[in-house]
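Numbering (the working numbering), first residue to last: 143 to 354. Even glycine gets a Cβ: it sits at the ideal position worked out from N, Cα and C. Comments concern the structure below.
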DNA sequence: GTACAGATTGAG
DNA sequence: TCAATCTGTACT
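Printed below as a string of structure tokens:
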């Protein structure tokens, strides 16, 4: 959980950052509990020229103003009246671009390792296929990962390079051959030209990449 | 003030 | 395939 990603990491174009984020860990502190998840799927929304972007045409509203913040700030919003979507702003201040975090693979933290080691019953559960399957399913979508990490409007604009309750860390090295790309999800309203752009990135054959 | 649709999800 | 559920945004 060490080696927190710094400002320099995020002040780059979202098309770069979205790929670099694969394999990185999101660490979330809730009271004395720590949750961590490996980022396995992202989408880039690279700027105001992108018709699928909330900031299309340099549109700036109370809802999307966090997109304009310097790289490393959280842009979070509600869709369909019930699901939060976690984005991280990238690039320079004043230019609206961001990366949508679409899926995480939950990581067994040291904390839970110790708890498991001290409790043989939990050890058995951890080994069971059932447990593995359920672990892989709690954060395999943008709405689900926010529910799992307990993220909501209160994180709007949060600086992940400074925050004490959420940050990103180095995680695991992902080699380019392990990265796949495809069209972004759920943005058909933007028209085929933009919906077809291969700006969704994910780790090949990872079980936590979102379905559909 | 009112209408409308959405960067999703899980059930049928 | 469809409804749930709600708020930002646009328009009367």
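Discussion item. Which of the three DSSP states is assigned to residue 299 in this structure?
Written reply: Looking at residue 299 - three-state DSSP - the assignment turns out to be coil, as it is neither helix nor strand.
Worksheet item: Would you call the CB atoms of residue 321 and residue 182 closer than 8 Å?
Response: Not a contact, by the Cβ cut-off of 8 Å.
Worksheet item: Would a C-beta distance cut-off of 8 Å place residue 154 and residue 233 closer than the cut-off?
Response: Less than 8 Å divides the Cβ of residue 154 from the Cβ of residue 233.
Worksheet item: Which of the three DSSP states, helix, strand or coil, is assigned to residue 247?
Response: Assignment of residue 247 by DSSP, reduced to helix, strand and coil, places it in the strand class.
Practice prompt. Could you tell me if the beta carbon of residue 175 falls within a distance shorter than 7 Å of some heavy atom in the ligand COA?
Written response: The model depicted lacks the ligand COA and carries no ligand whatsoever.
Worksheet entry | Assigned exposure category for residue 221 - 16 Cβ within 10 Å defines buried | Exposed.
Worksheet item: Anyone know if the C-beta pair for residue 284 and residue 218 falls short of 8 Å?
Response: No, the Cβ-Cβ distance between residue 284 and residue 218 is not below 8 Å.
Worksheet item: How far does the alpha helix (DSSP H) with residue 106 in it reach, from first residue to last?
Response: Because the chain is modelled from 143 through 354, residue 106 falls outside the range shown and cannot be assessed.
Discussion item. Do residue 287 and residue 179 have their beta-carbon atoms positioned less than 8 Å apart in this structure?
Written reply: Yes, the pair counts as a contact, with Cβ atoms nearer than the cut-off.
Practice prompt. Go ahead and label residue 203 buried or exposed: buried means 16 or more other beta carbons lie within 10 angstroms of its beta carbon, across all protein chains shown.
Written response: Around the beta carbon of residue 203, fewer than 16 other beta carbons lie within 10 angstroms, which makes this residue exposed.
Worksheet item: Bridge partners of residue 175, per DSSP?
Response: Note: residue 175 sits in a beta bridge opposite 172.
Worksheet item: In angstroms, rounded to a whole number, what distance separates the CA positions of residue 245 and residue 211?
Response: Between residue 245 and residue 211, the alpha-carbon positions lie close to 23 Å from each other.
Worksheet item: Going by other Cβ atoms of all chains shown within 10 Å of its Cβ, with 16 needed for buried, is residue 248 buried or exposed?
Response: When all chains shown are included, residue 248 counts as buried.
Worksheet item: Under a three-way DSSP split, which group does residue 353 fall into?
Response: Residue 353 sits in coil when the DSSP states are folded into three classes, being neither helix nor strand.
Worksheet item: Do you know offhand how far residue 267's Cα is from residue 175's?
Response: For residue 267, the pLDDT reaches just 48, beneath the cut-off of 50, and the residue's location in the model is therefore unreliable, leaving the point undetermined.
Worksheet entry | Endpoints, beta strand (DSSP E) assigned at residue 342 | Element bounds for residue 342: 342 to 345.
Worksheet item: Using the C-alpha atoms, what's the distance from residue 172 back to residue 157?
Response: Straight-line measurement puts the Cα of residue 172 at about 31 Å from the Cα of residue 157.
Worksheet item: Within 10 angstroms of its Cβ, does residue 238 collect 16 or more other Cβ (buried), or is it exposed?
Response: Buried.
Worksheet entry | residue 324, DSSP secondary structure in three states | The three-state reading of DSSP puts residue 324 in strand, counting E and B together.
Worksheet entry | 6 Å Cβ shell around residue 350 - same chain, five flanking residues per side excluded | Hits under 6 Å: 182, 245, 247, 278 and 282.
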